[in-house]
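Novice: Take a look at the following structure, please.
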Amino acid sequence: MTGIAGRVEQTLFTRFAPLIIKHVEAVPPRAAQGLVAEVYQQMRDEFQLVPPVTLHAPVPRLLAAVWGMLRARHSLH
């Protein structure tokens with residue numbers, strides 16, 4: 004996402020989401036590596052990078068599975 008929408012998304016993800024997350028440390032987009040970085044990029048390209056999904060990032064294979072299910076569901080509509 005670019006422009007104002009991208010900035011709003013980034014602000015929500017990096018500033019506000021961590022304030023409401025109490026027991027899981029999300030992987031910030033700038034710190035993402037490997038599978039997490041790949042999934043984050045796909046999310047940016049095809050949907051949007053959203054904290055409810057990115058909460059799974061500490062377990063990269065779980066993040067990829069959740070994203071895969073969301074992509075499949077989204078493509079059905």
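As numbered in the numbering used here, residues 4 to 80 make up the sequence shown, in order.
From the three backbone atoms N, C-alpha and C, an ideal C-beta is built for every residue, glycine too.
Note that the structure is predicted; figures quoted are calculated from it, not measured.
Please report how far the alpha carbon of H26 lies from the alpha carbon of A68, in whole angstroms.
Specialist: Numbered from its first residue, the sequence shown carries residue 26 at position 23. Numbered from its first residue, the sequence shown carries residue 68 at position 65. Answer to the nearest angstrom: the Cα atoms are 21 angstroms apart.
Novice: Could you say which of P55, Q36, R10 lies nearest to L73 if we only look at CA atoms?
Specialist: If you number the sequence shown from 1, residue 73 lands on position 70. That would be P55, whose Cα lies nearest to the Cα of L73.
Novice: Can you name, in chain order, every residue of its own chain whose Cβ lies under 7 angstroms from the Cβ of G37, other than the five neighbours on each side?
Specialist: Within the sequence shown, residue 37 is the residue found at index 34, counting from 1. If we look at G37 and ignore the five residues flanking it on each side, its Cβ neighbours are P63.
Novice: Please report the distance separating the alpha-carbon of A34 from that of L15.
Specialist: By 1-based counting over the sequence shown, the position of residue 34 is 31. By 1-based counting over the sequence shown, the position of residue 15 is 12. In a straight line, the C-alpha of A34 is about 16 angstroms away from that of L15.
Novice: So T14 is in the alpha helix (DSSP H); what residue range does that whole segment cover?
Specialist: Working through the sequence shown from its first residue, we reach residue 14 at position 11. It spans 6 to 14 - the alpha helix (DSSP H) in which T14 sits, taken as one unbroken run.
Novice: Out of I7, R10, V30, state which residue places its alpha-carbon closest to the alpha-carbon of H59.
Specialist: As a position in the sequence shown, residue 59 is number 56, starting the count at 1. Closest option to H59, Cα to Cα, is V30.
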